[in-house]
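Chains as they are written, first to last, in the UniProt record's numbering: chain W, 1 to 219; chain D, 1 to 219. From the three backbone atoms N, C-alpha and C, an ideal C-beta is built for every residue, glycine too. Take a look at the structure below.
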């Protein structure tokens, strides 16, 4: 049975998952890299992105990496919102933009990008991006088919995750709360009153200062 | 040197410290007791309120009580917002309301209640409530004098805590994040962007499901 899983969704103390003013130069807006500081030192990030070198070593293997490493286990496809693919809004002005990730995106699987403005597939390395205008349940059905029996990762951003939570389609969600008050941006929690009734919620504090929270859907 | 300390300030995952629709029957509005569930079993609560009996025993002494017990250590006075004293708004219609706590309030110290509508002092047991219309720094000066060299507790609610944080008067703050999405009520975090620059922030998860967070002002 395919599960829909959220991993490494980083939020601030005040619940913002991305900052205000996203641009090509500032993918997280005014948040900068403050929500992801816990992730970059991990072995999962360093080795997954090929950043391994003498300066950074091979990455940490502590609490943060234990959670980060689950990101890729048993995943056969990803669903992401258009905002994660790029900061553009409205119709595509050109098709030159192929995402933030260069020639070898770290997904290594099919990726369904949800957008009202469909465009042809893009294949980069082992990753194929497919652009579709679908409601959550149909997007999940497509991604599950592409995943070939493995799980589907719901990659964000916050607006997309919120829509799938509201549709009660999320099986597991891993949040990472960073000790930062962003003040503005896109909130994860809006419109989710009573979410705790659908999930068991467990928390672990990491020496890095973040708190990992795992939401597991009650069966 | 008198410190201003916040203890046991319970908030939801989405940052609400109290619910919507506060009344005499529902002191926390629609939040009910959901934010305080971790506190009631503790020895600090059970013994401090005289609820100790055969049914509840003498209270738990685990992680939650370790934090709760700090509430009373070295405190000589409390500051609270008028909303914590009662749900009324505007001028007092009568002076019969003397707070939620009966003849023996658990403060055992002077309490400065901040209100635009001053009224005569009330003494109940070892607690005297003094009603003043003062800005944060002056309220702290008064409470520090009443505390006689001990620390001052900032007792809430969220609007009051936020005002003292904005005035950079808080030395320590203990938050308790409950795994609940309230959706509406009074937020703690509004207007506090960048608060992390003033504090060291440490988190510990409790087996009860809450996360304790300690903010310590950088010297």
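N- and C-terminal bounds of the beta strand (DSSP E) containing residue i
i              : result
residue 66(W)  : Careful: residue 66(W) lies outside any beta strand (DSSP E), inside the alpha helix (DSSP H) at 63 to 68.
residue 202(D) : 199 to 205
residue 10(W)  : 4 to 12
Where the alpha helix (DSSP H) containing residue i begins and where it ends
i              : result
residue 48(W)  : 43 to 48
residue 163(W) : 158 to 166
residue 76(D)  : Note, residue 76(D): premise wrong, no alpha helix (DSSP H); beta strand (DSSP E) at 75 to 81.
Any non-hydrogen atom of the ligand SAH closer than 7 Å to residue i Cβ
i              : result
residue 199(W) : This structure simply doesn't include the ligand SAH, nor any ligand for that matter.
DSSP bridge partner residues for residue i (one or two, in chain order)
i              : result
residue 213(D) : 175(D) and 203(D)
residue 18(W)  : 186(W)
residue 37(W)  : According to DSSP, residue 37(W) bridges with nothing at all.
Practice item. Mind the definition here: the stretch 183 to 197 of chain D touches the stretch 205 to 212 of chain D only if three or more C-beta pairs lie below 8 Å; say whether that holds. Key: Too few Cβ pairs lie closer than 8 Å, so no.
Chain D contacts from the stretch 11 to 34 of chain W (Cβ-Cβ distance under 7 Å):
The residues in question are 13, 14 and 15.
Quiz item: When you check each C-beta in the stretch 157 to 171 of chain D against every C-beta of chain W, which residues fall closer than 9 Å?
Solution: Answer set for the stretch 157 to 171 of chain D: empty.
Interface positions of the stretch 75 to 91 of chain D facing chain W (Cβ-Cβ less than 9 Å), listed along the chain: Of all residues in the stretch 75 to 91 of chain D, none has a C-beta nearer than 9 Å to a C-beta of chain W.
Ordered list of beta strand (DSSP E) runs contained in the stretch 110 to 194 of chain W, each at least 3 residues
Whole beta strand (DSSP E) segments, 3+ residues: 110 to 114, 122 to 124, 127 to 132, 151 to 154 and 172 to 178.
(Q) With a threshold of 8 Å, are at least 3 pairs of Cβ atoms found where one atom belongs to the stretch 29 to 43 of chain W and the other to the stretch 113 to 123 of chain W? (A) The answer is no - the stretch 113 to 123 of chain W does not touch the stretch 29 to 43 of chain W, with fewer than three Cβ pairs under 8 Å.
Report task. Report yes or no: do three or more beta-carbon pairs, one from the stretch 65 to 72 of chain W and one from the stretch 139 to 147 of chain W, lie closer than 8 Å? Result -> Contact fails: fewer than three Cβ-Cβ distances are below 8 Å.
May I ask you to verify whether the stretch 90 to 110 of chain D touches the stretch 166 to 173 of chain D, counting CB pairs closer than 8 Å and requiring at least 3? Judged by pairs of C-beta atoms under 8 Å, the stretch 90 to 110 of chain D does not touch the stretch 166 to 173 of chain D, as fewer than three such pairs exist.
* When Cβ atoms are compared, which residues of the stretch 193 to 206 of chain W fall closer than 8 Å to chain D? -> Using a CB distance below 8 Å, the part of the stretch 193 to 206 of chain W facing chain D consists of 193, 194, 195, 196, 201, 202, 203, 204 and 205, ordered along the chain.
**Asked** Should the stretch 74 to 84 of chain W be called in touch with the stretch 153 to 166 of chain W, which here means at least 3 C-beta pairs below 8 Å?
**Response** Because the criterion of three Cβ pairs below 8 Å is met, the stretch 74 to 84 of chain W and the stretch 153 to 166 of chain W touch.
Mind checking the stretch 179 to 191 of chain W against chain D and listing, in chain order, the residues whose C-beta falls within less than 9 Å of any C-beta there? Those residues of the stretch 179 to 191 of chain W that come within reach of chain D (Cβ to Cβ, closer than 9 Å) are 179, 180, 181, 182, 183, 184, 187, 188, 189, 190 and 191.
Taking Cβ-Cβ distances below 9 Å as the criterion, which residues of the stretch 55 to 75 of chain W are in contact with chain D?
Under the 9 Å Cβ criterion, the stretch 55 to 75 of chain W contributes no residue.
Check: Taking Cβ-Cβ distances below 9 Å as the criterion, which residues of the stretch 109 to 120 of chain W are in contact with chain D?
Finding: Only those residues of the stretch 109 to 120 of chain W whose C-beta falls short of 9 Å from the nearest C-beta of chain D would be listed, and there are none.
Interfacial residues, the stretch 35 to 50 of chain D to chain W, with Cβ spacing under 9 Å
Hits within the stretch: zero.
Review point. So does the stretch 173 to 182 of chain W actually touch the stretch 6 to 14 of chain W, counting three or more Cβ pairs closer than 8 Å?
Key: Because the criterion of three Cβ pairs below 8 Å is met, the stretch 173 to 182 of chain W and the stretch 6 to 14 of chain W touch.
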